[in-house]
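Read in order, the letters of the sequence shown are residues -27 to -1, 1 to 311 in mature numbering (1 follows the signal peptide of the UniProt record, and there is no 0).
Presented below is the structure to which this report refers.
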Amino acid sequence: MKPKSKASAYASCFLVMSLLSSCFINGDQMETNYEGLSYNYYEKTCPRIEEIVRSSLSPMFILDPTSPAALLRLMFHDCQVQGCDASILIEPSGDHQFTEFDSAKNFGIRKRESIGAIKTSLEAECPRQVSCSDIIILAARDAVALSGGPLISVPLGRKDSLSTPSKHVADSLLPPSTADVDTTLSLFADMAMTVEESVAIMGSHTLGVTHCNNVLSRFDNANVTTANMDPRFQTFLRVVCPEFSPSSITAEATFVPNDQTAVVFDTAYYDDAIAGRGNLRIDSEIGADPRTRPFVEAFAADQDRFFNAFSSAFVKLSSYKVLTGNKGVVRSVCDKVD
């Protein structure tokens, strides 16, 4: 039987808003810096930051169980385009009518306004102290914990960007829905992740859904992208997702859950990967490729190992190409550059 006690302990700790220091995976907070970040960055300037973020998120998660997946995806898409700098939140203005967010690969990104609402609460408590980029990271961290995953100790001190890349830059940097194992391992290797950590961070797909337009794209070249898919699961996807072009409105509006427990952060994603029941190409290939399959099997059998590897990978992702010191700013409003 897979261990569940630690997941339950994390979730309970989060829900009753216990002291964070008693819940962090990997023990006490460290005092060291990580790429210019610090685990006690707001100790004097905004000591209640994590409490405020958490209390802002709790009602949202109760009303909308899909919120954790949305916030986790928001962090991924922000960090993968020139680093974790909250550029994905910036709205068009002046000469910049098409921003990073307008990339077609950001289809389905939600909850940007929730980061703005949390920022408003923090501005009332600690004016011009907390960056929008740190709020994105904390919201994603708490999204994992509330869903039953580890509550991760993350270093803080990111600054926000002064501009947003164009949608074309985002198009080039965000991986396609047809990404394979080579593409995925290369992407996360750039963030200094090991193969084990790369497989662990893909476990984020245990939350949320996949839109049918991304599922249908697999069938454009089925001999390649469905090679490791269970035939029965392929039939299921063809029934659930409409038989239209991937760009159709119907395909964009319909979706399938990422695994059988799509609102719980657990190891079900790896069970499905082994069985060839992955919605995306990478979700199937990760369970078959000899470089990644050993870790998929290990995580499916040992939830603690998955949580530990995921926590390490999460810190690396959230610290990727961050702006610190005077290299960035703290925006007073998240969707605009002051």
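Don't be surprised by glycine CBs; every beta carbon is placed ideally from N, CA and C.
Buried is the label assigned to residue 172, since at least 16 other Cβ atoms lie within 10 Å of its Cβ. Taking the C-beta atoms as reference points, residue 154 is found no nearer than 8 angstroms to residue 275. Around the beta carbon of residue 308, a 10 Å sphere encloses 16 or more other beta carbons of the protein chains shown; the residue is thus reported as buried. The criterion of a C-beta distance shorter than 8 angstroms is satisfied by residue 259 and residue 246. Contact between residue 186 and residue 257 is absent: CB atoms are separated by about 18 angstroms, not below the 8 angstroms threshold. Within the segment 234 to 267, the alpha helix (DSSP H) runs of at least 4 residues that lie entirely inside it are, in chain order, 241 to 248, 254 to 258. Across the set 208, 243, 116, 203, the C-alpha of 243 shows the shortest separation from the C-alpha of residue 179. If you check the CB distance, residue 288 and residue 229 do not come in under 8 angstroms.
Secondary structure note for residue 127: it is in no beta strand (DSSP E), with a DSSP letter that is neither H nor E.
For a cut-off of 8 angstroms, the C-beta gap from residue 277 to residue 121 is around 13 angstroms, too long to register as a contact. Rounded to whole angstroms, residue 204 and residue 73 show a C-alpha spacing of 37 angstroms. A buried status is given to residue 184, since no fewer than 16 other beta-carbon atoms sit within 10 Å of its beta-carbon.
In this model, residue 14 and residue 233 are separated by some 39 angstroms (Cα to Cα).
Straight across, the Cα-Cα distance linking residue 227 with residue 214 is about 7 angstroms.
If you draw a straight line from the Cα of residue 206 to the Cα of residue 37, it is about 28 angstroms long. When rounded, the separation of the alpha-carbon atoms in residue 157 and residue 118 is 25 angstroms. Residue pairing from DSSP places residue 230 in a beta bridge opposite 182. Rounded to the nearest whole angstrom, the CA to CA distance from residue 191 to residue 250 is 13 angstroms.
In the three-state reduction of the DSSP assignment, residue 28 falls in the helix class, which pools H, G and I. Per DSSP, the continuous alpha helix (DSSP H) segment holding residue 93 begins and ends at 85 to 98. DSSP places residue 172 inside the alpha helix (DSSP H), whose first and last residues are 168 to 174.
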